[in-house]
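A.B. asks:
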Amino acid sequence: MSTLRSKNRKPVHPGAILREDVLPSLNITQTELADRLGVSRRSISQILHEHRPLTPDMAIRLAHFLGNTPESWLNMQQALDVWKLKRKNACIYEQIEKVA
């Protein structure tokens with residue numbers, strides 16, 4: 003039963019991880035993160051507030067800054083993107099006939 007729930011549960015946006023875990027643990031502001039990554043504060047704000055997806059470029063910047071991998075950030079974003087599309091286009095996908 004828990005497996006079913008986890009498939010239906012909305013994946014966490016990478017911005018939520020940054021907002022809730024990363025920034026507080028590093029004790030830095032949005033502005034400081036933007037400066038350290040070489041991007042605009044607006045870009046960071048949009049990601050932190052989940053108004054913008056995390057791009058491969060941003061994933062690479064974060065990975066360099068935090069010492070982790072771009073793939074870890076991109077996997078989070080991809081899981082969210084797939085989850086949203088499956089719900090948005092469920093009727094379309096259900097009409098596709100399976101091979102054999």
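With positions in the sequence shown counted from 1, the corresponding number in the numbering used here is that position plus 2. Every residue gets a Cβ at the ideal spot worked out from N, C-alpha and C, and that includes glycine.
Taking C-alpha atoms, which residue in Leu82, Arg38, Gly69, Lys9 lies nearest to Thr57?
C.D. replies: Within the sequence shown, residue 57 is the residue found at index 55, counting from 1. The shortest Cα separation from Thr57 among Leu82, Arg38, Gly69, Lys9 belongs to Leu82.
A.B. asks: What separation, rounded to the nearest whole angstrom, lies between the Cα atoms of Leu76 and Ile94?
C.D. replies: Working through the sequence shown from its first residue, we reach residue 76 at position 74. Working through the sequence shown from its first residue, we reach residue 94 at position 92. Between Leu76 and Ile94, the C-alpha separation is close to 26 Å.
A.B. asks: Between which residues of its own chain and Glu52 is the CB-CB distance below 6 Å, once the five residues before and five after are set aside?
C.D. replies: Numbered from its first residue, the sequence shown carries residue 52 at position 50. Counting only Cβ-Cβ distances below 6 Å, and skipping sequence neighbours, we find His15, Gly17.
A.B. asks: With Ala81 as the anchor, note down where its alpha helix (DSSP H) starts and where it stops.
C.D. replies: What you label residue 81 is simply residue 79 of the sequence shown in a count that begins at 1. Per DSSP, Ala81 belongs to the alpha helix (DSSP H) from 72 to 90.
A.B. asks: What residue from Asp59, Ser74, Lys100 has the CA that sits closest to Gly40's CA?
C.D. replies: Position 38 of the sequence shown, counted from the first residue, corresponds to residue 40. Comparing C-alpha distances from Gly40 to each of Asp59, Ser74, Lys100 shows the shortest one belongs to Asp59.
A.B. asks: Pick out whichever of Pro72, Asn91, Met78 has its Cα sitting closest to the Cα of Lys111.
C.D. replies: With the chain covering only 3 through 102, there is no way to say anything about residue 111.
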